[in-house]
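**Student:**
Number of protein chains: 2
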Amino acid sequence: MVLNDVPPPSTVDDPVYRTGVLELLGLLAYGEISACERLAEDAKMAPDLRLKVEIAAMASAEFGHFAKLRDHLVAIGEDPFEAMRPFAATFERYHQHTKPSDWLEGLVKAYVGDGLAADFYREIAAYLDAETRELVLETLSGTGHSEFVVEAIRAAIEQDPRLGGRLALWGRRLMGEALSQAQMVVAERDALSTVLVGGVDHPGMDLAAIGRMFTRLTEAHAARMEKLGLAA
Amino acid sequence: MVLNDVPPPSTVDDPVYRTGVLELLGLLAYGEISACERLAEDAKMAPDLRLKVEIAAMASAEFGHFAKLRDHLVAIGEDPFEAMRPFAATFERYHQHTKPSDWLEGLVKAYVGDGLAADFYREIAAYLDAETRELVLETLSGTGHSEFVVEAIRAAIEQDPRLGGRLALWGRRLMGEALSQAQMVVAERDALSTVLVGGVDHPGMDLAAIGRMFTRLTEAHAARMEKLGLAA
Chain A
0 MVLNDVPPPS TVDDPVYRTG VLELLGLLAY GEISACERLA EDAKMAPDLR LKVEIAAMAS
60 AEFGHFAKLR DHLVAIGEDP FEAMRPFAAT FERYHQHTKP SDWLEGLVKA YVGDGLAADF
120 YREIAAYLDA ETRELVLETL SGTGHSEFVV EAIRAAIEQD PRLGGRLALW GRRLMGEALS
180 QAQMVVAERD ALSTVLVGGV DHPGMDLAAI GRMFTRLTEA HAARMEKLGL AA
Chain B
0 MVLNDVPPPS TVDDPVYRTG VLELLGLLAY GEISACERLA EDAKMAPDLR LKVEIAAMAS
60 AEFGHFAKLR DHLVAIGEDP FEAMRPFAAT FERYHQHTKP SDWLEGLVKA YVGDGLAADF
120 YREIAAYLDA ETRELVLETL SGTGHSEFVV EAIRAAIEQD PRLGGRLALW GRRLMGEALS
180 QAQMVVAERD ALSTVLVGGV DHPGMDLAAI GRMFTRLTEA HAARMEKLGL AA
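First to last, the sequence lines map onto chains A and B.
Numbering of the first sequence is given in numbering that gives the first Met the number 0, commencing with residue 0 and proceeding in unit increments.
Numbering of the second sequence is given in numbering that gives the first Met the number 0, commencing with residue 0 and proceeding in unit increments.
(1) Of all Cβ atoms in chain B, is any one closer than 8 Å to the Cβ of Ala154(A)?
(2) Could you tell me the boundaries of the alpha helix (DSSP H) in which Ala55(A) lies?
(3) At a Cβ threshold of 8 Å, is Gly63(B) touching chain A?
(4) With distance defined between alpha-carbon atoms, name the residue in Gly105(B), Val15(B) and Val184(B) nearest to Leu173(B).
(5) Name the two residues that bound the continuous alpha helix (DSSP H) containing Ala208(A).
(6) What do you get for Ser100(B), buried or exposed, if any count of 16 or more other CB atoms within 10 angstroms of its CB means buried?
(7) Should Val107(B) go down as buried or exposed, given a rule of 16 or more other Cβ atoms within 10 Å for buried?
(8) DSSP three-state label for Ser192(B), please.
(9) Establish whether the CB of Leu166(A) and some CB of chain B are separated by less than 8 Å.
(10) Which chain B residues are close to Ile32(A), counting only those with a beta carbon under 9 Å from its beta carbon?
(11) Determine contact between the region 62-69 of chain A and the region 31-47 of chain A, defined as no fewer than three beta-carbon pairs at a distance below 8 Å.
(12) If Ala208(A) sits next to Asp118(A), beta carbons under 8 Å apart, how far is it from one beta carbon to the other, in whole angstroms?
(13) What are the complete alpha helix (DSSP H) segments, minimum 4 residues, inside the region 70-111 of chain B?
(14) Helix, strand or coil: which one does DSSP assign to Ser33(B)?
(15) Under three-state DSSP, which class holds Ser145(B)?
(16) What residue does the alpha helix (DSSP H) around Met183(A) start on, and which one ends it?
(17) Residues in the region 75-87 of chain A with C-beta within 9 Å of chain B's C-beta atoms, listed in sequence order?
(18) Within 8 Å, do at least three Cβ pairs link the region 15-25 of chain A to the region 182-197 of chain A?
(19) Who are the neighbours of Glu104(B) on chain A, taking C-beta pairs under 9 Å?
(20) Just checking: is the beta-carbon of Glu150(A) within a distance shorter than 8 Å of some beta-carbon in chain B?
(21) Report the rounded CA-to-CA distance for His96(A) versus Ala109(A), giving the unit in angstroms.
(22) With distance defined between alpha-carbon atoms, name the residue in Glu137(B), Pro14(B) and Gly112(B) nearest to Cys35(B).
(23) Have a look at Ala82(B) and Leu103(B) and give me their C-alpha separation to the nearest angstrom.
(24) For a contact meaning CB atoms closer than 8 Å, what does Ser145(B) contact in chain A?
(25) Roughly how many angstroms separate the alpha carbons of Met57(A) and Glu137(B), rounded to a whole number?
(26) Just to confirm before moving on: does the CB-CB distance between Tyr93(A) and Ala177(A) stay below 8 Å?
(27) Give the DSSP-derived three-state secondary structure of Leu2(B) in the structure shown.
(28) When the cut-off is 8 Å and only beta carbons count, does Ala222(A) lie next to chain B?
(29) Express the C-alpha separation of Tyr120(A) and Arg171(A) in angstroms, rounding to a whole number.
(30) What does Ala42(B) reach in chain A if we use C-beta pairs closer than 8 Å?
(31) Measuring CB atoms only, is the region 36-49 of chain B touching the region 70-85 of chain B, in the sense that at least three cross pairs come out at less than 8 Å?
(32) Buried or exposed for Arg84(A), please, with buried defined as at least 16 other CB atoms from any protein chain shown within 10 angstroms of its CB.
(33) So that I know if they touch, is there some Cβ in chain A lying closer than 8 Å to that of Ser59(B)?
(34) So that I know if they touch, is there some Cβ in chain C lying closer than 8 Å to that of Met204(B)?
(35) Under the assumption that Leu216(A) contacts Val149(A) (Cβ atoms under 8 Å), give the Cβ distance between them as a whole number of angstroms.
(36) My output table needs one value for Tyr16(B): the three-state DSSP class, helix, strand or coil.
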């Protein structure tokens, strides 16, 4: 949990906050279902059945996360597909721009994406009302399936050290693309941004705090790359 | 539950029975993971996000079934991937021969395959020891996700009645291909067949009983086709 920079969460009575949370849940839900879809796609490239099963387990966990978010949206009287619709283009663009050219790039993408999503969830959880926060943290709790990736990537680089350079470049591209899509979302969705940066009647992160959040996300990404044996 | 034709289940002390059960669990596990994989593939053809999510839910349920079978195999000291290996070719052949050419064919395949698998599980459960039977019936219990298919297929045929003929033909092909692969498995795997037909020291189905089982499976298939609005 991130405890610095955190003002008291906004109340659910605030209509801008409510809209922002709805957008946030739609964003997360689309992210999960699209991650599930891409992992299923990557599983086809798996060199053996064991690794295929590992990827399928991740895809299935992402589907479980999606189902939780969907059920919550239904429970609060919202149409989950309406809530997700505005974010389809963002994720399709991200995946379009980051098509793995082989199995190892797929693994790195799964690992980096999973980790970045989990970090982001933890960061924003602090700005949410208790119920939404619990949902978002629960959604996060199922990850950690991707630890097998570390072993697979390190073994591959040991066998062919030239891979390290290509995969490091790939990792930087993934992070760059993720940040660029995130920036577009923030620019386009006022209510969602307000959840993070605060509105006239409730506090949020100031620009310096947002800067620090990006620094933390970037540092965590670098740590993950190092764990894979890759230069960030 | 099928109660006719059922002798007392074999004991787990019989080494041929044990081998047969191991083969059976390997067969079921490969079937589940390969169904999961194909459903994920079909999900890409879904015309909208709602239907994509329905198919992803089925894929995720199949993965859950697979995980139960895998965990059981590990618990009884077997390597699940070794147990699955002999059946890879069977399922790859089946899927190779039954590639859906569009979304509707994918739906029919999911529905028909899900139903046939469930019927088969119920049929064989009666011949198994209590622990294995419970596992097999549990594996079965998660299905039923595919009911949305009925609605989708009926709606499509209502819009374009010519579809009915093509999809009916497709359904017959699926059943024919499944039976032909099943027959090859039985012919190749003696121990597995012995679980069903009995060995020197324990009873099983006689040929007439096997005939009646096939009749029941075929009738249930015809009933499913009718439910979809298709001639069997």
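Beta carbons: idealized from backbone N, C-alpha and C, even for Gly.
As the structure is a computational prediction, the values presented were derived from the model and not from experiment.
**Tutor:** So, to answer that:
(1) So no, Ala154(A) is outside the interface.
(2) Leu48 to Ala74
(3) yes
(4) Gly105(B)
(5) Per DSSP, Ala208(A) belongs to the alpha helix (DSSP H) from Leu206 to Lys226.
(6) Exposed, since its Cβ has fewer than 16 Cβ neighbours within 10 Å.
(7) buried
(8) helix
(9) no
(10) Leu48, Lys51, Val52 and Ala55
(11) yes
(12) That pair is no contact at about 15 Å.
(13) Listed in chain order, the alpha helix (DSSP H) elements of length 4 or more contained wholly in the region 70-111 of chain B are 79-83 and 87-96.
(14) helix
(15) coil
(16) Leu162 to Glu187
(17) Pro79, Phe80, Met83, Arg84 and Ala87
(18) yes
(19) Chain A residues near Glu104(B): none, gap ~19 Å exceeds 9 Å.
(20) no
(21) 15 Å
(22) Gly112(B)
(23) 33 Å
(24) Ordered by position in chain A, no residue passes the 8 Å Cβ test against Ser145(B), which lies about 16 Å from the chain.
(25) When rounded, the distance between both Cα atoms is 22 Å.
(26) Here Tyr93(A) is near Ala177(A), since their CB atoms are less than 8 Å apart.
(27) Since pLDDT at Leu2(B) reaches only 49, below the 50 mark, its modelled position is unreliable, and the value read off the structure follows with that caveat. If DSSP states are grouped into helix, strand and coil, Leu2(B) belongs with coil.
(28) no
(29) Each residue's Cα considered, the two are about 21 Å apart.
(30) The contacting residues are Glu36 and Ala39.
(31) no
(32) Its Cβ having fewer than 16 others within 10 Å, Arg84(A) is exposed.
(33) yes
(34) As a matter of chain content, chain C is missing from the structure shown, whose protein chains are A and B.
(35) Your pair Leu216(A) and Val149(A) does not check out as a contact, with CB atoms roughly 20 Å apart and the cut at 8 Å.
(36) helix
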